[in-house]
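Residue numbers (this note's numbering): 442 to 757.
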């Protein structure tokens, strides 16, 4: 029987590379023992040192006590045997190379050895895993996409295939919350998930600007860091549109001869334009526009202070 997320004591991470050892670290920081599996003995030998270096960064950043490090490292158990690790796992993450052959091999070996209700999550971000990898128990096969560096970035995108059970998805999200992550369970799987899909669109626009000679790559990075970068972490995409005024955006779209997207037309037709009407894509809870804008601006200033202190507007 599958334990509750709060009862999990031991998990398996398959792949000790850049993402794998860092993901294992996050579980170990949360008090969970981790079997870190890799056929490459050199990768396994390097992993504890890499984890310790990551932990030292957290210490230097004031996020943890250095006295915690030995206990965290003690919860990492490097091994070359996936069968042995899977047999005792209460959850597993595969973080192997982005090839269908590698993913399928892990799924096959895991299913041969693991208990039937243990969730196996893949960290893939580029593959259509559910269409290309065959699982004997697809109901417990999900994707949990982490971001680099895993021990700092809060988000993990969670998605299932057509046969993944809602119980497996919600259980995975619960375990991620337990270890301090902020999971987002998608309505359905999409190649690239949410963040990478949007980043790919940004990358395509940046390449177009360079190809046509409008800007250098340094120009583009500088512009993004000193404008969107100050705002995006606070208001995202759709709340940013609220602040611009949804009526103005819809009017400008129509003026250019373009069709107003249905999701935008729906709210504008109801008279919801953003903070100036008390509601747009978001409901501002009866607050005045001035109150909402003041809260936004103070938050922007706090972000700007932090970025300037980190000298973020020059290349790292």
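Note that beta-carbon positions come from the ideal geometry of N, C-alpha and C, so glycine has one too. Just so we're clear, the structure is a prediction, and the values are computed from it rather than from any experiment.
- Taking every protein chain shown into account, the CB of residue 727 has fewer than 16 other CB atoms within 10 angstroms, so this residue is exposed.
- For the pair residue 613 and residue 530, the Cα-to-Cα distance works out to about 14 Å.
- Residue 674 has its alpha-carbon roughly 20 Å from the corresponding atom of residue 647.
- The distance from the Cβ of residue 451 to that of residue 473 is about 7 Å, consistent with a contact at the 8 Å cut-off.
- Residue 496 and residue 510 have their C-alpha atoms roughly 7 Å apart.
- In the pairwise beta carbon analysis, the segment 483 to 502 is classified as not touching the segment 565 to 574: fewer than three pairs are separated by under 8 Å.
- Assigned with DSSP and collapsed to three states, residue 595 falls in coil, not helix or strand.
- DSSP places residue 710 inside the alpha helix (DSSP H), whose first and last residues are 703 to 710.
- Of 457, 623, 628 and 753, the smallest CA-CA separation from residue 480 is found for 457.
- Beta-carbon to beta-carbon, residue 599 and residue 627 are separated by about 7 Å, close enough to satisfy the 8 Å threshold.
- Annotation for residue 476: no alpha helix (DSSP H) segment contains it, though the beta strand (DSSP E) segment containing it runs 474 to 478.
- Taking a contact to require three or more Cβ pairs closer than 8 Å, the segment 545 to 556 and the segment 615 to 624 do not qualify as touching.
- Under DSSP, residue 563 forms a beta bridge with 535 and 584.
- Taking C-alpha positions only, residue 724 is separated from residue 632 by approximately 31 Å.
- Assignment of residue 716 by DSSP, reduced to helix, strand and coil, places it in the helix class.
- Looking at the backbone, the Cα of residue 745 and that of residue 442 are separated by about 49 Å.
- Counting C-beta pairs closer than 8 Å gives three or more between the segment 454 to 469 and the segment 584 to 597, which meets the contact rule.
- For residue 466, the uninterrupted alpha helix (DSSP H) run begins and ends at 459 to 470, by DSSP.
- One alpha carbon belongs to residue 637, the other to residue 666, and they sit about 18 Å apart.
- Around the C-beta of residue 482, fewer than 16 other C-beta atoms lie within 10 Å, and the residue is accordingly described as exposed.
- Per DSSP, the beta-bridge partners of residue 601 are 583.
- By a beta-carbon distance limit of 8 Å, residue 454 does not contact residue 471. Their separation comes to about 13 Å.
- Taking residue 683 as reference, the option from 709, 649 and 740 with the minimal CA-CA separation is 709.
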